[in-house]
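Q:
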Amino acid sequence: MGLKIAVGCDHTGKEHLDILKKYLSEKCLSFGIDEVVELSGEDYPEVAIKVAEAVSFRRADRGILICGTGIGMCIAANKIKGIRAAVCNTPDTATISRKHNDSNILALGARLVPAFLVHMIIEEWLKTDFEGGRHSVRLNKIAVAEEDRFRQVKSGESVTIFDHPLVQHKVAMIRDKNTNVKDFRELIKEIAGLMLYEITRFLPTVPIEVETPLTITEAIACEGRSLAVIPILRAGIGMVDGILQLVPNAKVGHIGLYRDPDTLNPVEYYCKLPTDINEREILILDPMLATGGSAVAGIDLIKKKGGRKISFVCIIAAPEGIKKVHDAHPDVPIYAAALDSHLNDHGYIVPGLGDAGDRLFGTK
Numbered sequence: 023m024g025l026k027i028a029v030g031c032d033h034t035g036k037e038h039l040d041i042l043k044k045y046l047s048e049k050c051l052s053f054g055i056d057e058v059v060e061l062s063g064e065d066y067p068e069v070a071i072k073v074a075e076a077v078s079f080r081r082a083d084r085g086i087l088i089c090g091t092g093i094g095m096c097i098a099a100n101k102i103k104g105i106r107a108a109v110c111n112t113p114d115t116a117t118i119s120r121k122h123n124d125s126n127i128l129a130l131g132a133r134l135v136p137a138f139l140v141h142m143i144i145e146e147w148l149k150t151d152f153e154g155g156r157h158s159v160r161l162n163k164i165a166v167a168e169e170d171r172f173r174q175v176k177s178g179e180s181v182t183i184f185d186h187p188l189v190q191h192k193v194a195m196i197r198d199k200n201t202n203v204k205d206f207r208e209l210i211k212e213i214a215g216l217m218l219y220e221i222t223r224f225l226p227t228v229p230i231e232v233e234t235p236l237t238i239t240e241a242i243a244c245e246g247r248s249l250a251v252i253p254i255l256r257a258g259i260g261m262v263d264g265i266l267q268l269v270p271n272a273k274v275g276h277i278g279l280y281r282d283p284d285t286l287n288p289v290e291y292y293c294k295l296p297t298d299i300n301e302r303e304i305l306i307l308d309p310m311l312a313t314g315g316s317a318v319a320g321i322d323l324i325k326k327k328g329g330r331k332i333s334f335v336c337i338i339a340a341p342e343g344i345k346k347v348h349d350a351h352p353d354v355p356i357y358a359a360a361l362d363s364h365l366n367d368h369g370y371i372v373p374g375l376g377d378a379g380d381r382l383f384g385t386k
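Every number in my numbering is 22 more than the matching position in the sequence shown, counting from 1.
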């Protein structure tokens, strides 16, 4: 089976990309290339992330990115797990990036690389193999650092991004605009349940005595009044059943907030919490952490009612939302299945999945 190459460029790299695609088409048999897929976006970070995710999730074997200098594309691509993007503006650097760094994405600078050099750089990069040996040891050290799922925003503040293959597979499905309402609901529920396994590591436990068919033994059980689940209406409701399937005795409260379409600020219209909220570990649920306004408002309400041990659980998070929550509530950890690029002018997460509430309930 031949190579599948994902390619993309920003506005400065269009001419070079045309040269690149033509060259790959002509040399596809020489390099064993089966398919070249072009991915696009509004700006270079989106293009880079799309290509990087294609390589990371093995939808492509390698990627090639072109922007003005190659630097911006390279920085963005290397934010994705498993990516080793390298800026190579000469054939020699392309060779070394493969031999020593096992680069799987090549970034080119359209302003720095003459058009006649493009095919020479590509040829060196495609034909050169990774040497392994001492270089494998060094790459393993990078991989170990990459496995740390706790991304420290500031001292004492953390966000956990779940990189389990099952979670990521289901996230890919809910991103797809063609996923129907029924499947979207089921997937949101399943993702919430899968995330709960890791989130509930913090639950207090006590030793108990259990009689098996053979003997009496000591076992471990969750301690007393342990968990409260608080969805932010309306989209947060979609995550509740996934939690309750695993922790059926958890108490459920509700917070009603909507986002003002002009100011993007949250407006409260409902709040009903368990009476013993101050004694429970609290999970606030909302599929999307976008501007962070609703999350902060929800945490504010719960703290006013006496809640203390609070975590925020979402499916997709934006950096802007994470920063806002941590600025207002540095004691609240955030759990997410994916950390996306940014918010657009309308306050939606990009690439995101659209409006989670509309997709859960079939509304517009």
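All C-beta atoms, glycine included, are put in the ideal place defined by N, C-alpha and C.
Between Gly-329 and the rest of its own chain, which residues show a CB-CB distance below 6 angstroms, the 5 nearest in sequence each way excluded?
A: Cβ within range, chain order: Ile-299, Ile-304.
Q: Spell out the partners DSSP gives Pro-288 in its beta bridges.
A: In the DSSP output, where bridge partners are listed per residue, Pro-288 has Arg-281.
Q: Rounded to whole angstroms, what is the Cα-Cα separation between His-33 and Pro-296?
A: His-33 and Pro-296: Cα-Cα distance of roughly 54 angstroms.
Q: Assign Ala-76 to one of three DSSP states: helix, strand, or coil.
A: Helix at Ala-76.
Q: Quick test of the definition: if touching needs 3 or more C-beta pairs under 8 angstroms, does the stretch 329-343 touch the stretch 146-157?
A: The stretch 329-343, when compared against the stretch 146-157, does not touch it at the 8 angstroms Cβ threshold.
Q: What whole-angstrom Cβ distance do Ala-340 and Asp-367 have, given they're in contact under 8 angstroms?
A: No, Ala-340 and Asp-367 are not in contact; Cβ-Cβ is about 13 angstroms, not under 8 angstroms.
Q: Going by DSSP, what residues sit across from Leu-249 in a beta bridge?
A: Leu-249 pairs with Glu-303.
Q: Between the Cα of Leu-134 and the Cα atoms of Asp-124, Gly-260, Gln-267, Ile-88, which residue gives the shortest distance?
A: It is Ile-88 whose Cα lies nearest to the Cα of Leu-134.
Q: In angstroms with no decimal places, state the Cα-to-Cα distance between Ile-221 and Val-140.
A: Cα-Cα distance, rounded: 48 angstroms.
Q: Judging by CA-CA distance, which residue of Gly-104, Thr-234, Ile-230 is the nearest neighbour of Glu-240?
A: The shortest Cα separation from Glu-240 among Gly-104, Thr-234, Ile-230 belongs to Ile-230.
Q: I need the DSSP call for Lys-211, collapsed to helix, strand or coil.
A: Correct three-state label for Lys-211: helix.
Q: Take the Cβ of Gln-174 as the centre, count every other Cβ of all protein chains shown within 10 Å, and call the residue buried at 16 or more, exposed below.
A: Note that Gln-174 has pLDDT 39, beneath the 50 cutoff, so the model's placement of it is unreliable and no number is given.
Q: Helix or strand or just coil, what does DSSP make of Gly-85?
A: Looking at Gly-85 - three-state DSSP - the assignment turns out to be strand.
Q: Taking Thr-91 as part of the beta strand (DSSP E), name the residues at either end of that continuous run.
A: It is not in any beta strand (DSSP E) - Thr-91 carries neither H nor E in the DSSP assignment.
Q: Hey, quick one: how far does the alpha helix (DSSP H) through Ser-47 stretch, first residue to last?
A: First-last of the alpha helix (DSSP H) with Ser-47: 36-48.
Q: Give the single residue among Asn-123, Asp-349, Ile-196, Gly-314 whose Cα lies nearest to the Cα of Val-289.
A: Ranking the options by Cα distance to Val-289, first place goes to Gly-314.
Q: Grab the span of the beta strand (DSSP E) containing Ser-333 for me, first residue to last.
A: Start and end: 331-335.
Q: With 16 as the cutoff for other CB atoms within 10 Å, does Phe-138 come out buried or exposed?
A: Phe-138 comes out exposed.
Q: Check whether the Cβ atoms of Cys-96 and Ala-82 sit closer than 8 angstroms, and answer yes or no.
A: Not closer than 8 angstroms, so no.
Q: In angstroms with no decimal places, state the Cα-to-Cα distance between Gln-190 and Glu-212.
A: Roughly 12 angstroms separates the two Cα atoms.
Q: Straight-line CA distance for Leu-323 to Leu-307?
A: Each residue's alpha carbon lies about 14 angstroms from the other.
Q: If the criterion is Cβ atoms closer than 8 angstroms, does the pair Ala-99 and Val-58 meet it?
A: Not in contact: Ala-99 and Val-58 (Cβ atoms no closer than 8 angstroms).
Q: Quick one: Cα of Arg-171 to Cα of Asp-185, how far?
A: Residue placement at Arg-171 is poorly supported in this model, since its pLDDT is 43, which falls under 50; the coordinates are not used for a value here.
Q: Is the CB-CB distance between Ala-360 and Pro-309 below 8 angstroms?
A: No, the pair does not count as a contact, with Cβ atoms beyond the cut-off.
Q: Could you tell me the boundaries of the alpha helix (DSSP H) in which Val-318 lies?
A: Where Val-318 is concerned, the enclosing alpha helix (DSSP H) stretches over 315-326.
Q: Could you check whether Val-274 and Ile-321 sit closer than 8 angstroms to each other, using their CB atoms as the reference points?
A: For Ile-321 and Val-274, no; Cβs fall outside 8 angstroms.
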